[in-house]
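A.B. asks: Those sequence lines, one after another, are chains C and F.
Counted from 1, the first sequence has number 87 at position 87 by this note's numbering; the numbering is strictly sequential.
If you count the second sequence from 1, you need to add 1000 to reach this note's numbering.
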Amino acid sequence: EPEVTQTPSHQVTQMGQEVILRCVPISNHLYFYWYRQILGQKVEFLVSFYNNEISEKSEIFDDQFSVERPDGSNFTLKIRSTKLEDSAMYFCAVGQDGYTFGSGTRLTVV
Amino acid sequence: GESVGLHLPTLSVQEGDNSIINCAYSNSASDYFIWYKQESGKGPQFIIDIRSNMDKRQGQRVTVLLNKTVKHLSLQIAATQPGDSAVYFCAETLTGGGNKLTFGTGTQLKVEL
């Protein structure tokens, strides 16, 4: 069983729509992250989350993005109004120094 | 600014040969480095790591070398197998908990039979 499960594995959405990507870490972790990877490019940091608040965010993580850990289990990334350029693989990760990544959600904005 | 880059975007090797994947980093403050393997459609998978107080670390069939003087990192894979075909990323960070990873651009390793 994977340590980090992401759902859905693939989501297609229309431009301007809101999407919520979900991550469920299996074991207890303190640090959570979201990264994205545009097709054929490197993995980019979006945001880190610790103690129920954002500890660091990148320039990519603008006001359209938000993260939550609503029930102590799920960790979500919300994009309020998707743009074409948001199309990418989104990876959730957990860990303090060594990371464990989920298998990702492929987001396609049309 | 911070950047991590790879010298070779694609590396083709014969099965059984050794592979060497290189990486340059620019943030001299980074003290923890990780190599990841990414297969198509999957997330990055941890291979091996090294801290800045070491210059070499060995795992099973893999070795990471760190040269802090020239800010260079390499991943050596011994007796490369078809299952090693993937994109390999180096990443740098600071230890201390919760620090972001800065990834390199990736090297595609192709293993030819």
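The beta carbon of each residue, even a glycine, is placed where N, CA and C say it ideally should be.
Model, not experiment: these values are computed from the prediction.
Using the Cβ count rule (16 or more neighbours within 10 Å means buried), how would you classify residue 1099/F?
C.D. replies: By the 10 Å Cβ count, residue 1099/F comes out buried.
A.B. asks: What's the gap between the Cα of residue 1029/F and the Cα of residue 55/C?
C.D. replies: Each residue's Cα considered, the two are about 19 Å apart.
A.B. asks: Would residue 24/C and residue 47/C qualify as a contact pair, given that the criterion is a beta-carbon distance under 8 Å?
C.D. replies: Against a cut-off of 8 Å, the Cβ pair of residue 47/C and residue 24/C comes out as no contact.
A.B. asks: Measuring straight from C-alpha to C-alpha, what distance separates residue 1052/F and residue 1034/F?
C.D. replies: Residue 1052/F and residue 1034/F: Cα-Cα distance of roughly 11 Å.
A.B. asks: Ignore the nearest five residues each way along the sequence and tell me which others in residue 104/C's own chain have a CB closer than 7 Å to its CB.
C.D. replies: The residues are 6, 89, 90 and 91.
A.B. asks: To the nearest angstrom, how far is the alpha carbon of residue 108/C from that of residue 19/C?
C.D. replies: Going from the Cα of residue 108/C to the Cα of residue 19/C covers about 11 Å.
A.B. asks: Could you tell me which chain C residues have their CB closer than 8 Å to the CB of residue 1089/F, listed as they occur along the chain?
C.D. replies: Result: 42 and 43.
A.B. asks: Can you pull the DSSP bridge partners for residue 1049/F?
C.D. replies: Bridge partners of residue 1049/F: 1034/F.
A.B. asks: Name the two residues that bound the continuous beta strand (DSSP E) containing residue 1091/F.
C.D. replies: Where residue 1091/F is concerned, the enclosing beta strand (DSSP E) stretches over 1086-1093.
A.B. asks: Please report the distance separating the alpha-carbon of residue 9/C from that of residue 1015/F.
C.D. replies: One C-alpha to the other measures close to 32 Å.
A.B. asks: Considering only residues of the same chain and omitting the five flanking positions on each side of residue 12/C, which have a CB-CB separation below 6 Å?
C.D. replies: Same-chain partners within the cutoff: 108.
A.B. asks: By Cβ distance below 7 Å, which residues in the same chain neighbour residue 17/C in space, the five residues on each side in sequence not counted?
C.D. replies: Within the same chain, residue 17/C has close Cβ partners 82.
A.B. asks: Enumerate in chain order the residues of its own chain whose CB-to-CB distance from residue 1056/F is below 6 Å, with the five nearest sequence positions on each side excluded.
C.D. replies: So the list reads 1065, once near-sequence residues are dropped.
A.B. asks: Are any of the Cβ atoms in chain F nearer than 8 Å to that of residue 102/C?
C.D. replies: At least one chain F Cβ lies under 8 Å of residue 102/C.
A.B. asks: Are residue 21/C and residue 77/C close, meaning C-beta to C-beta below 8 Å?
C.D. replies: The answer is yes: Cβ separation under 8 Å.
A.B. asks: In this structure, does DSSP put residue 39/C in helix, strand or coil?
C.D. replies: Residue 39/C falls in the coil class under three-state DSSP.
A.B. asks: Helix, strand or coil for residue 1082/F, going by three-state DSSP, please let me know.
C.D. replies: In the structure shown, residue 1082/F sits in a helix (DSSP, three-state: H, G or I).
A.B. asks: Please report the distance separating the alpha-carbon of residue 1089/F from that of residue 1073/F.
C.D. replies: The straight-line gap from Cα to Cα measures roughly 11 Å.
A.B. asks: Assuming contact is defined by CB atoms lying nearer than 8 Å, are residue 1086/F and residue 1038/F in contact in what I supplied?
C.D. replies: In this structure, residue 1038/F lies closer than 8 Å to residue 1086/F by Cβ.
A.B. asks: For residue 1095/F and residue 1101/F, I'd like the C-alpha separation in whole angstroms.
C.D. replies: If I take the Cα positions, the gap works out to 10 Å.
A.B. asks: Have a look at residue 15/C and residue 1048/F and give me their C-alpha separation to the nearest angstrom.
C.D. replies: Rounded to the nearest angstrom, the two C-alpha atoms are 39 Å apart.
A.B. asks: Any beta carbon of chain F sitting closer than 8 Å to that of residue 91/C?
C.D. replies: By this cut-off, residue 91/C is an interface position.
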